[in-house]
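There are 2 protein chains.
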Amino acid sequence: MRLSQFHLHTSKEVPAEAEIISHKLMLKAGMIRKLASGLYTWTPLGLRVLRKVERVVREEMDAAGAIEMLMPSVQPRELWEETGRWEKFGGQLLKIQDRKDAWYCYGPTHEEVITDFARQELASYKQLPACFYQIQTKFRDEIRPRFGVMRAREFLMKDAYSFHLDDADLDRQYEVMHEAYNRIFTRLGLEFRAVFADTGAIGGSASHEFHVLAASGEDAIAFSDASGYAANVELAEALAPGSRAAAGADMTRVETPYQRTCEAVAELLGTGLERTVKSIALIGEQGFVLALVRGDHQINEIKLAKLPGLAEYRMATEAEILENLGTEPGFIGPVMPGKPVHVIADRSVAAMADFVVGANEKGFHLAGVNWGRDLPEPDVVADIRNVVAGDPSPDGSGKLQIARGIEVGHIFQLGRTYAKAMDCTVQDANGKAVTPTMGCYGVGVSRIVAAAIEQNHDASGIVWPEAMAPWQAVICIINPKKDPAVVVAAEALHRQLNGMGIEAAMDDRGLRPGAMFADMELIGVPHRIVVSERGIVAGTFEYRHRLAEASENIGLDALLTRVGAAI
Amino acid sequence: MRLSQFHLHTSKEVPAEAEIISHKLMLKAGMIRKLASGLYTWTPLGLRVLRKVERVVREEMDAAGAIEMLMPSVQPRELWEETGRWEKFGGQLLKIQDRKDAWYCYGPTHEEVITDFARQELASYKQLPACFYQIQTKFRDEIRPRFGVMRAREFLMKDAYSFHLDDADLDRQYEVMHEAYNRIFTRLGLEFRAVFADTGAIGGSASHEFHVLAASGEDAIAFSDASGYAANVELAEALAPGSRAAAGADMTRVETPYQRTCEAVAELLGTGLERTVKSIALIGEQGFVLALVRGDHQINEIKLAKLPGLAEYRMATEAEILENLGTEPGFIGPVMPGKPVHVIADRSVAAMADFVVGANEKGFHLAGVNWGRDLPEPDVVADIRNVVAGDPSPDGSGKLQIARGIEVGHIFQLGRTYAKAMDCTVQDANGKAVTPTMGCYGVGVSRIVAAAIEQNHDASGIVWPEAMAPWQAVICIINPKKDPAVVVAAEALHRQLNGMGIEAAMDDRGLRPGAMFADMELIGVPHRIVVSERGIVAGTFEYRHRLAEASENIGLDALLTRVGAAI
Chain A
1 MRLSQFHLHT SKEVPAEAEI ISHKLMLKAG MIRKLASGLY TWTPLGLRVL RKVERVVREE
61 MDAAGAIEML MPSVQPRELW EETGRWEKFG GQLLKIQDRK DAWYCYGPTH EEVITDFARQ
121 ELASYKQLPA CFYQIQTKFR DEIRPRFGVM RAREFLMKDA YSFHLDDADL DRQYEVMHEA
181 YNRIFTRLGL EFRAVFADTG AIGGSASHEF HVLAASGEDA IAFSDASGYA ANVELAEALA
241 PGSRAAAGAD MTRVETPYQR TCEAVAELLG TGLERTVKSI ALIGEQGFVL ALVRGDHQIN
301 EIKLAKLPGL AEYRMATEAE ILENLGTEPG FIGPVMPGKP VHVIADRSVA AMADFVVGAN
361 EKGFHLAGVN WGRDLPEPDV VADIRNVVAG DPSPDGSGKL QIARGIEVGH IFQLGRTYAK
421 AMDCTVQDAN GKAVTPTMGC YGVGVSRIVA AAIEQNHDAS GIVWPEAMAP WQAVICIINP
481 KKDPAVVVAA EALHRQLNGM GIEAAMDDRG LRPGAMFADM ELIGVPHRIV VSERGIVAGT
541 FEYRHRLAEA SENIGLDALL TRVGAAI
Chain B
1 MRLSQFHLHT SKEVPAEAEI ISHKLMLKAG MIRKLASGLY TWTPLGLRVL RKVERVVREE
61 MDAAGAIEML MPSVQPRELW EETGRWEKFG GQLLKIQDRK DAWYCYGPTH EEVITDFARQ
121 ELASYKQLPA CFYQIQTKFR DEIRPRFGVM RAREFLMKDA YSFHLDDADL DRQYEVMHEA
181 YNRIFTRLGL EFRAVFADTG AIGGSASHEF HVLAASGEDA IAFSDASGYA ANVELAEALA
241 PGSRAAAGAD MTRVETPYQR TCEAVAELLG TGLERTVKSI ALIGEQGFVL ALVRGDHQIN
301 EIKLAKLPGL AEYRMATEAE ILENLGTEPG FIGPVMPGKP VHVIADRSVA AMADFVVGAN
361 EKGFHLAGVN WGRDLPEPDV VADIRNVVAG DPSPDGSGKL QIARGIEVGH IFQLGRTYAK
421 AMDCTVQDAN GKAVTPTMGC YGVGVSRIVA AAIEQNHDAS GIVWPEAMAP WQAVICIINP
481 KKDPAVVVAA EALHRQLNGM GIEAAMDDRG LRPGAMFADM ELIGVPHRIV VSERGIVAGT
541 FEYRHRLAEA SENIGLDALL TRVGAAI
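Chains as they are written, first to last, in full-length UniProt numbering: chain A, 1 to 567; chain B, 1 to 567.
And the structure:
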């Protein structure tokens with residue numbers, strides 16, 4: 001590919017609405033152009049990257065035994081009414097009325113269509129298992145489209161759906177897809193984690209999200225430094241610490257006139273934050289409750305709500321706190337001689353000794369507090385906090401690290417919900433109609449491109465992993481219009497690289513070297529090779545890897561080895 | 001590919017709504033399934049064929065120097081208002097309102113979006129010419145979707161758009177694309193014609209439609225048997241015949257009491273239909289006109305309307321005929337001694353001698369009529385008829401044949417209409433803002449699949465050209481479950497074919513031979529190879545080409561030669 005024949009259009013400035021680095025760099029590099037809110041054109045440069053992702057996804061789906069098909073993007077309302085999602089899906093569902101006033105939607109997902117297909121196509125258990133996929137344009141009418149293709153309204157997705165006679169076979173397919181997803185993101189050269197996910201209200205039995213790790217990610221992920229364990233921070237279990245130490249101090253009342261937070265109290269007392277206890281006043285089914293976590297921990301509302309009597313808890317009002325503890329927020333705590341309160345202690349709090357809590361008296365805290373001596377044992381001990389870095393991994397192997405991630409894939413055991421709602425059955429070996437169980441498996445193809453940039457960039461621009469780069473190498477020609485010999489040499493090198501299976505672009509646009517190199521760094525080509533008159537005389541090429549500190553002059557054999565090794 | 005791992009689902013019956021053979025066969029073969037009116041799911045089998053077409057189109061676009069990109073399918077109303085097409089496009093434009101009540105459409109074509117892209121991306125003449133394409137899902141809200149994917153509402157299209165400084169460069173690109181289209185349809189193995197098309201109201205300067213020839217085609221096409229000339233029958237010029245013969249008969253009044261058509265009069269008189277003249281009474285700008293064509297020809301309304309004074313002609317009423325000719329339809333003619341009428345004669349009529357016309361008297365015709373003697377020379381001589389088979393080709397080379405065609409491609413010199421309406425300019429070499437001229441080039445990717453079937457089928461099913469077949473060969477295994485040796489032999493053959501670059505499926509479903517062969521004939525696989533225990537013993541394979549009368553038993557080398565030769 002000669003760049004003079006290609007449409008490459010980088011720019012220095014980007015609109016202020018581009019908030020995150022991938023959005024900025026995709027605009028600067030000229031990979032995407034905005035058409036309207038949440039609608040982006042993929043330029044020739046951007047499409048090259050998108051197609052590389054698409055190809056890897058397709059190859060791994062094929063290898064996993066999924067069969068490609070293509071469903072319409074426009075779907076009839078009637079199907080969505082069968083599952084109740086015409087109303088339930090909410091505002092993201094783009095509803096369309098045709099010229100005959102019939103209602104349709106622009107498919108945000110295809111569970112209804114594939115289940116309709118299955119109930120027509122699959123009649124016998126002999127046709128199961130069946131796993132179909134498509135790579136297709138989807139639409140979700142985001143209320144606030146932003147971040148470029150990271151949260152666009154129209155986007156490219158791979159969605160797969162599987163049908164099984166029984167749960168064991170669904171488990172088997174789920175593992176196959178889990179492995180295929182691992183291979184996809186590994187082949188794309190991305191650092192990622194497969195994260196346990198909440199199956200939520202749909203009631204499937206297993207679910208994993210695949211996150212590309214990046215500092216800008218929306219989700220916090222906890223993962224083991226020793227095993228494959230990973231989970232959303234809010235879902236990861238905080239294991240019980242070792243047994244409680246013996247009491248070593250007397251309980252003392254300390255004056256804390258302006259100290260209403262654990263941080264402020266710890267600072268005043270010159271003690272560690274991890275020796276303080278945060279008391280959170282709640283109203284559950286049985287009334288007033290104090291939930292306790294360590295001063296350096298965060299309460300986890302999802303875990304709290306799973307405890308008996310707390311499914312619909314709320315925070316206590318100041319009036320309720322005054323009524324139950326006789327003081328105001330900032331000084332509350334579990335020590336109430338003669339009028340004990342209902343206490344739920346986090347596992348780590350239950351293991352503390354000589355700790356600091358509010359004194360239930362304005363301007364005072366208690367230090368050197370100990371369970372059983374200064375207050376009763378907690379009524380409930382449970383995991384009610386977010387995990388933090390350094391916690392033991394819940395799978396017993398290694399310690400947790402915390403990173404931020406961008407969700408780019410999701411696999412899900414759907415169960416029989418859709419098949420039941422749409423009356424999809426097959427005959428089993430005895431001729432009896434049975435409802436198949438389903439899995440669904442999504443990859444945000446266009447989102448991966450943005451996520452990869454969030455993870456791989458520097459001050460000069462994008463740093464593509466080899467597999468996603470628009471070209472693996474670029475041959476920069478110095479003065480192509482003045483010097484026919486450099487063009488001839490560049491073309492010869494281009495043929496050699498092609499012969500090795502390396503996609504190379506020739507930058508024959510005639511730009512000054514500085515501008516040409518800046519463009520190639522911005523668009524993130526891994527290998528840059530400069531062909532110049534001087535190099536031809538010396539018998540060398542100037543080579544630089546995108547991540548190298550500097551370029552070096554090397555001969556042809558060394559060059560081919562360097563570029564070829566990375567492929 | 002093992003068919004036991006694939007989703008192949010043929011059926012014997014098809015819904016009554018499937019009117020044309022391609023629709024029926026695509027449903028029977030299980031290539032498509034209807035989701036809703038004009039919306040079809042491409043099954044795994046159908047998608048394999050669709051992707052083959054897509055790949056050939058993509059390769060030829062790349063080879064022609066067009067650059068692939070991807071625009072959104074959803075387009076904002078504002079752009080369509082700039083060109084006036086938001087209203088003018090009509091009911092096929094599917095309009096969509098989003099959750100914020102902004103209006104969009106599901107793109108039926110992308111002139112507006114690409115011109116918007118160009119006015120942002122193309123600033124200088126140095127960036128021209130530029131040619132972009134995409135392969136993408138389009139939507140046209142057909143008032144009567146029918147014929148399966150032949151006239152579906154959602155369909156797959158390749159659309160390309162080019163931008164040029166001047167008309168000469170557009171001409172050059174137009175020729176390049178014309179050639180690329182020729183290669184596409186040639187590679188796909190289709191019989192086709194590139195047909196001159198009317199540029200219509202948009203006012204472009206050149207336009208060709210590409211038609212796949214098929215008896216069921218909607219359009220009649222005239223093409224030379226000696227040159228590449230082809231045009232829609234209604235647009236092909238009927239050349240002037242040789243000079244007029246001398247009068248050889250006297251004019252006689254003949255009784256034709258019940259004979260109101262040329263056919264009936266010719267039969268009664270025992271003369272050839274080509275010796276009779278049909279008179280058509282019209283009202284043009286200047287009043288009453290008689291248009292004359294030979295009895296065996298059809299009047300061409302498009303050609304008529306291009307004559308001076310006839311742009312908005314209409315047929316005369318019976319009252320107007322009575323007033324001007326004194327008689328009723330069925331007996332009218334141009335001979336009106338003493339009260340001559342305005343006569344427009346087709347070129348072939350002007351060259352006739354001794355012809356038959358209505359006598360302007362109920363129940364009578366005139367025979368032996370001659371121009372100049374019995375009536376004045378025609379006021380106008382012009383080409384006002386449809387060409388017929390055997391006419392000389394308008395390009396002077398060969399004779400015309402007539403065939404029916406299905407439009408699958410269209411290339412068009414758009415000119416500056418869109419660029420002007422949307423204020424798209426570039427700076428020329430002198431720094432002056434100039435409006436680029438545009439070309440557009442469409443291919444109906446999904447429609448090609450149906451058109452190919454209309455052209456290539458027999459009583460047993462589809463007969464795919466090699467390039468479009470879902471697999472080039474199928475290895476049918478007899479009794480795979482009973483006889484491991486046949487599976488081993490089939491797998492060895494499969495590897496050999498793969499090594500030769502031949503895509504082969506293995507039918508290991510365990511069907512009876514008759515059912516298996518019927519399936520493979522229905523889905524149209526070109527090469528069928530049967531592996532059986534008997535064959536293994538004899539050292540032969542049973543081979544049959546889809547179009548062969550019978551199968552034959554041949555050895556491995558002969559088999560590989562036969563299958564390989566066709567690739």
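The C-beta atom is built at its ideal place from N, Cα and C for all residues, glycine as well.
Fair warning: this is a prediction, and the values are worked out from it, not measured in the lab.
Between which two residues does the alpha helix (DSSP H) containing Phe-147/A stretch?
Counting from one through the first sequence, the residue named residue 147/A turns up at place 147. Element bounds for Phe-147/A: n/a, residue is neither H nor E.
Note down, one range per segment and in chain order, each alpha helix (DSSP H) of at least 4 residues found wholly within the stretch 280-331 of chain B.
301-305, 318-325
If we call anything under 9 Å between Cβ atoms a contact, is Thr-41/B one with Met-71/A?
Translated into positions along the second sequence, residue 41/B becomes position 41. Translated into positions along the first sequence, residue 71/A becomes position 71. It is a contact, given that the beta carbons lie within the stated cut-off.
So with Cβ pairs under 9 Å, would you call His-164/A a contact of chain B?
Sequence index remark: in the first sequence, residue 164/A carries index 164 (1-based). For His-164/A, the answer is no, since every Cβ of chain B falls outside 9 Å of its Cβ.
Any chance the stretch 212-226 of chain B sits against the stretch 400-411 of chain B, with 3 or more Cβ pairs inside 8 Å?
yes
Around the Cβ of Ser-393/A, are there at least 16 other Cβ atoms within 10 angstroms (buried) or fewer (exposed)?
In the first sequence, counting from the first residue as 1, residue 393/A sits at position 393. Its Cβ being crowded by 16 or more others within 10 Å, Ser-393/A is buried.
Return the residues of the stretch 139-166 of chain B that lie within a Cβ-Cβ distance of less than 8 Å from chain A, sorted by chain order.
Phe-139, Asp-141, Ile-143, Arg-153, Glu-154
Is it the case that the Cβ atoms of Arg-244/A and Ala-353/A are separated by a distance below 9 Å?
Within the first sequence, the letter at position 244 stands for residue 244/A. Within the first sequence, the letter at position 353 stands for residue 353/A. Yes.
Apply the 10 Å Cβ neighbour rule to Gly-390/B and answer buried if 16 or more other Cβ atoms are within range, or exposed otherwise.
The count along the second sequence starts at 1 and reaches residue 390/B at position 390. Flag for Gly-390/B reads exposed.
Which word fits Gly-91/B, buried or exposed, when buried means at least 16 other C-beta atoms lie within 10 angstroms of its C-beta?
As a position in the second sequence, residue 91/B is number 91, starting the count at 1. With fewer than 16 Cβ atoms within 10 Å of its Cβ, Gly-91/B is classed as exposed.
Using a Cβ-Cβ cut-off of 8 Å (strictly less than) and excluding sequence neighbours within five positions of Gln-97/B, which residues of its own chain qualify?
Here residue 97/B refers to the residue found at position 97 of the second sequence. Only Trp-103, Tyr-104 meet the Cβ criterion.
Counting C-beta neighbours from all protein chains within 10 Å, is the total for Val-537/B 16 or more, i.e. buried, or is it exposed?
Working through the second sequence from its first residue, we reach residue 537/B at position 537. Val-537/B comes out exposed.
Are the CB atoms of Ile-453/A and His-211/A nearer to each other than 9 Å?
Start at 1 with the first residue of the first sequence, and residue 453/A comes out as number 453. Start at 1 with the first residue of the first sequence, and residue 211/A comes out as number 211. Not a contact, by the Cβ cut-off of 9 Å.
Hey, would you say the C-beta of Ser-4/A is under 8 Å away from at least one heavy atom of the ligand NAD?
Absent from the structure shown: the ligand NAD. Ligands present: none.
When DSSP labels each residue in this structure, what does Asn-479/B get in the three-state scheme?
Taking the second sequence and counting its residues from 1, the one referred to as residue 479/B is at position 479. Coil.
Let me confirm a value: Asp-159/A is counted as buried when at least 16 other C-beta atoms fall within 10 Å, else exposed. Which label applies?
Within the first sequence, residue 159/A is the residue found at index 159, counting from 1. The residue in question, Asp-159/A, is buried, as its Cβ has 16 or more Cβ neighbours within 10 Å.
According to DSSP, is Gln-496/B part of a helix, a strand, or is it coil?
Sequence index remark: in the second sequence, residue 496/B carries index 496 (1-based). Helix.
I need the straight-line Cα distance from Thr-43/B to Glu-19/B, nearest angstrom please.
Taking the second sequence and counting its residues from 1, one reaches residue 43/B at position 43. Taking the second sequence and counting its residues from 1, one reaches residue 19/B at position 19. Their Cα atoms are separated by approximately 20 Å.
Closer than 8 Å by C-beta to Tyr-125/B: which residues in its own chain qualify, once you throw out the five before and the five after it? Chain order, please.
To locate residue 125/B, count along the second sequence from 1; it is residue 125. Correct list, in chain order: Leu-165, Val-426, Gln-427, Asp-428, Ala-429, Val-434.
Just the Cα atoms here: how many angstroms apart are Gln-455/B and Val-343/B?
On the second sequence, residue 455/B is found 455 positions in, with the first residue counted as 1. On the second sequence, residue 343/B is found 343 positions in, with the first residue counted as 1. One C-alpha to the other measures close to 43 Å.
In this structure, does DSSP put Ile-202/A in helix, strand or coil?
Position 202 of the first sequence, counting from 1, holds the residue named residue 202/A. Here Ile-202/A scores only 47 on pLDDT, less than 50, and its place in the model should not be relied on; the value that follows carries that caveat. Looking at Ile-202/A - three-state DSSP - the assignment turns out to be helix.
Along the chain, which unbroken stretches of the alpha helix (DSSP H) at least 4 residues long are found entirely within the stretch 416-449 of chain A?
417-421
Looking at the strands, I want to know which residues DSSP matches up with Arg-231/B.
Taking the second sequence and counting its residues from 1, the one referred to as residue 231/B is at position 231. The displayed chain sequence assigns Ala, not Arg, to residue 231/B. Bridge partners of Ala-231/B: Phe-196/B, Ala-222/B.
Of all Cβ atoms in chain B, is any one closer than 9 Å to the Cβ of Ile-96/A?
Position 96 of the first sequence, counted from the start, is the residue given in the question as residue 96/A. Yes, contact with chain B.
Could you tell me which of Val-53/B, His-9/B, Leu-307/B, Asn-553/B sits nearest to Ser-446/B, measuring between CA atoms?
On the second sequence, position 446 is the one that residue 446/B refers to. Answer by Cα proximity: Val-53/B.
Comparing C-alpha positions only, which one of Asn-553/B, Glu-17/B, His-527/B, Val-525/B sits nearest to Arg-534/B?
Sequence index remark: in the second sequence, residue 534/B carries index 534 (1-based). Nearest of Asn-553/B, Glu-17/B, His-527/B, Val-525/B to Arg-534/B, Cα basis: Asn-553/B.
Kindly indicate if chain B contains any beta-carbon less than 9 Å away from that of Asp-116/A.
Start at 1 with the first residue of the first sequence, and residue 116/A comes out as number 116. It does: the Cβ of Asp-116/A has a partner Cβ on chain B nearer than 9 Å.
Determine whether the Cβ of Pro-76/A lies closer than 9 Å to any Cβ atom of chain B.
For the purposes of this step, residue 76/A is taken as the residue at position 76 of the first sequence. With a threshold of 9 Å between beta carbons, Pro-76/A makes contact with chain B.
What is the DSSP secondary structure of Ala-359/B, reduced to helix, strand or coil?
Position 359 of the second sequence, counted from the start, is the residue given in the question as residue 359/B. If DSSP states are grouped into helix, strand and coil, Ala-359/B belongs with the strands.
Nearest CA to the CA of Lys-339/B: which residue from Ala-350/B, Asn-324/B, Phe-89/B, Leu-156/B?
The count along the second sequence starts at 1 and reaches residue 339/B at position 339. Comparing Cα-Cα distances from Lys-339/B to each of Ala-350/B, Asn-324/B, Phe-89/B, Leu-156/B, the minimum goes to Asn-324/B.
Given this structure, state the Cα-to-Cα distance separating His-297/B from Ala-249/B, to the nearest angstrom.
As a working note, residue 297/B is residue 297 in the second sequence. As a working note, residue 249/B is residue 249 in the second sequence. Spanning the two alpha carbons is a distance of roughly 23 Å.
Find out if the Cβ-Cβ distance for the pair Gly-409/B, Gly-442/B is shorter than 9 Å.
Mapped onto the second sequence, residue 409/B falls at position 409. Mapped onto the second sequence, residue 442/B falls at position 442. Yes, the pair counts as a contact, with Cβ atoms nearer than the cut-off.
Using a C-beta to C-beta distance shorter than 8 Å, which residues of chain B count as neighbours of Pro-436/A?
Locating residue 436/A in the first sequence gives position 436, where the first residue counts as 1. Within 8 Å Cβ-Cβ: nothing; Pro-436/A doesn't reach chain B, min ~14 Å.
Taking only the alpha-carbon atoms, compute the straight-line gap between Leu-235/B and Leu-304/B and give it to the nearest angstrom.
As a working note, residue 235/B is residue 235 in the second sequence. As a working note, residue 304/B is residue 304 in the second sequence. Straight-line Cα distance between these residues: approximately 11 Å.
Taking only beta-carbon positions, decide if Tyr-543/B is within less than 9 Å of chain A.
The count along the second sequence starts at 1 and reaches residue 543/B at position 543. Chain A contact via Cβ: absent.
For Glu-121/B, the first and last residue of its enclosing alpha helix (DSSP H)
To locate residue 121/B, count along the second sequence from 1; it is residue 121. First-last of the alpha helix (DSSP H) with Glu-121/B: 111-121.
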